[in-house]
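Just below is one structure, and these are the notes that go with it.
Residue numbers (our numbering): 54 to 165.
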């Protein structure tokens, strides 16, 4: 793809694609601390790709529990949230772990 400089409506210089194609959206790799309860649930019921990323994560002790620091594409973290939502809603601890994981992924998503 070729790029040329142009001026936008405010007169600021910028880049534009010559052949009209936009760059494909890239799925960034981010590091999120997954609560231990969520990680255990996903190890038992998650798909193979999620399990592979969880196995590559680093276990971190936190007080009475632990977290797994997982470097994975943002789409995998979103899939983790979707997969764990129904199974963890049975108990207060599960709901809290799911909420914490969801908040961490949302904050990473907003930073991009």
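By construction, the Cβ of each residue, glycine as well, lies at the ideal position given by its N, Cα and C atoms. No experiment lies behind these values; they were computed from the predicted model shown.
DSSP assignment within the region 78-128 yields the following whole alpha helix (DSSP H) runs of 4 residues or more, N-terminal first: 89-98, 101-108.
With a contact defined as Cβ atoms closer than 8 angstroms, residue 133 and residue 103 qualify at about 6 angstroms. Residue environment analysis places residue 87 among the buried positions, since at least 16 neighbouring C-beta atoms fall within 10 angstroms of its C-beta.
For residue 82 against residue 124, the beta-carbon gap comes to about 6 angstroms, under 8 angstroms, which counts as contact. Collapsing the DSSP output to three states places residue 133 in a helix. Shown here, residue 155 sits in a helix according to DSSP, grouped into three states. Here residue 119 has 89, 112, 113 as same chain residues with Cβ atoms under 7 angstroms from its own Cβ, once five neighbours each way along the sequence are excluded. Counting only residues of its own chain and dropping the five nearest sequence neighbours on each side, residue 91 has a CB closer than 6 angstroms to the CB of 137, 150, 154. Note that the C-beta distance between residue 126 and residue 80 is below 7 angstroms. When C-alpha distances from residue 93 are compared across 147, 117, 128, the shortest belongs to 147.
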